[in-house]
Structures are given as C-alpha cells and as structure tokens.
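What follows is a short report on a single structure.
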Amino acid sequence: MNTGDNELALAAAGGDAQAFALLIERSYDRLFGLCFRLMGSQAEAEDLCQNICAALSAKLIHFEGASAFSTWLYRVAVNAAHDRRRRAVTRSKAAQGWGDWEVNRTETNKEQAEAQDWLMSAIGTLPDDLRDTVALVMDDMNHRDVGEVLGVSEGTVSWRMSEVKKHLKVIKESEQ
Numbered sequence: 002m003n004t005g006d007n008e009l010a011l012a013a014a015g016g017d018a019q020a021f022a023l024l025i026e027r028s029y030d031r032l033f034g035l036c037f038r039l040m041g042s043q044a045e046a047e048d049l050c051q052n053i054c055a056a057l058s059a060k061l062i063h064f065e066g067a068s069a070f071s072t073w074l075y076r077v078a079v080n081a082a083h084d085r086r087r088r089a090v091t092r093s094k095a096a097q098g099w100g101d102w103e104v105n106r107t108e109t110n111k112e113q114a115e116a117q118d119w120l121m122s123a124i125g126t127l128p129d130d131l132r133d134t135v136a137l138v139m140d141d142m143n144h145r146d147v148g149e150v151l152g153v154s155e156g157t158v159s160w161r162m163s164e165v166k167k168h169l170k171v172i173k174e175s176e177q
C-alpha cells in the first residue's frame, strides 16, 4: 500500500483494519521512542505505547486530517504521558532505570553511554513542560512542529529549550 499516513488514518477511522495495521506498523518505532523519552524507562514506555495503540482505533474518529498524522499522534502520546504522570504522582518516581535502554544500546562506547545516561537522568529532573519539549526536539522535530504538538508558539519552544540548557548547565556545575 503506497498510501500516506493521513489517508491511512482516515481509512482506519472508517473501520479499515488493514489501514489501521499498516498505520501502527509505520508509526510504532517512532511512537515508542517518544514514549521512552517522555516516560524515562523502558517498562513505562512499553506500557504507555501499548495503551496508546490499544486506544488508537477509538481515538482515530477524532482525527480530521488538518495536521499531519504524526503530529496528531505525538499530541495523543504527550497527553497520555501527562495522564500517566499525574496518576503516578502519589507513587515514588521511577528514577532507577532512567536511560537503561539507551545505555545498553550504546555500550560499545562507554564514554558516550555515560554522557547519555547523565543527560537522560538530568532531563528527568526537569519540569514536565520542559521535559516534553526536549523529548520532542530530541526526536529531530523542528520548533514549529514541536509547538504544534504541544499547543504553544514556536517562540515558546525556543524559550523552553533555552531554559533546558540553563537547567542542565546548573546541574552539571553542581556536580563538579
């Protein structure tokens, strides 16, 4: 099937099971990567990603095609992550395991793995709005698209990234 994601989403919303399956197949890896960055652990990301996929067929009736399917799906993922974090506030934060998946993936270069582990751990200390912003930027989205997903202006995304850099600098300086 050589059909675009928007067309597949609209077909899936109309009950086309083959379109839905192809849409999930095309989107799953990127969705999982975003869920991992939003949640900080592989187990949480797997749960979140599977919950999103399970609920996606019902949510697709709200997809109108006004924006790219990937943008709409990222918004669904960000909202689902917010909901999961709100429910987890009463439980202890899952600081252990933050970045394990990334560290295991990059074991061939120990220095790079340590730097990446530090970054993921530091990102975990950021407020939710900054963490969401940096997670999307790390997915190679431009500031305009990130703004569309988060419902803020491109300038706000740029400001948030500036704040992320300030926070990370303070954390790094406090460790030395």
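In case it helps, the numbering used here puts the sequence shown at residues 2 to 177. The C-beta atom is built at its ideal place from N, Cα and C for all residues, glycine as well.
Measuring straight from C-alpha to C-alpha, what distance separates residue i and residue j?
i: A78; j: A55; result: 12 Å
i: C50; j: L137; result: 15 Å
i: E120; j: Q43; result: Inspection of the sequence shows that residue 120 is occupied by Leu rather than by Glu. Near 16 Å, if we compare the C-alpha coordinates of Q43 and L120.
i: D84; j: Q113; result: 32 Å
i: G15; j: V165; result: 41 Å
i: I172; j: S122; result: 10 Å
i: V158; j: M139; result: 13 Å
i: G156; j: K167; result: 17 Å
i: M142; j: F37; result: 16 Å
i: V135; j: A22; result: 29 Å
i: Q117; j: R145; result: 26 Å
i: A89; j: A18; result: 33 Å
i: E174; j: R76; result: 34 Å
i: L35; j: E65; result: 22 Å
i: S71; j: S163; result: 25 Å
Out of the options, state which residue places its alpha-carbon closest to the alpha-carbon of residue i.
i: S28; options: V138, L74 and Q117; result: L74
i: L57; options: Q177, L32, V153 and V158; result: L32
i: L127; options: G148, L39, A20 and E26; result: L39
i: D6; options: H168, R86 and A69; result: A69
i: N52; options: A81, A10, I124 and S154; result: A81
i: E8; options: A67, K111, S163 and V153; result: A67
Tell me which residue opens and which closes the alpha helix (DSSP H) that residue i is part of.
i: C51; result: This sequence places Gln at residue 51; Cys is not what is there. Residues Q43 to K60.
i: E176; result: E155 to E176
i: T134; result: D129 to V138
i: H83; result: F70 to A89
i: A20; result: A18 to M40
i: E149; result: H144 to L151
i: C8; result: The question names Cys, but residue 8 in the sequence shown is Glu. Segment D6 to A14, the alpha helix (DSSP H) holding E8.
Contact defined as beta carbons within less than 8 Å: I believe residue i pairs with residue j. What is the distance between those atoms, to the nearest angstrom?
i: L151; j: D129; result: Not really, about 11 Å apart at Cβ, beyond 8 Å.
i: L131; j: R161; result: 6 Å
i: L24; j: A46; result: Wrong, their Cβ atoms sit about 19 Å apart, outside the cutoff.
i: G41; j: G125; result: 5 Å
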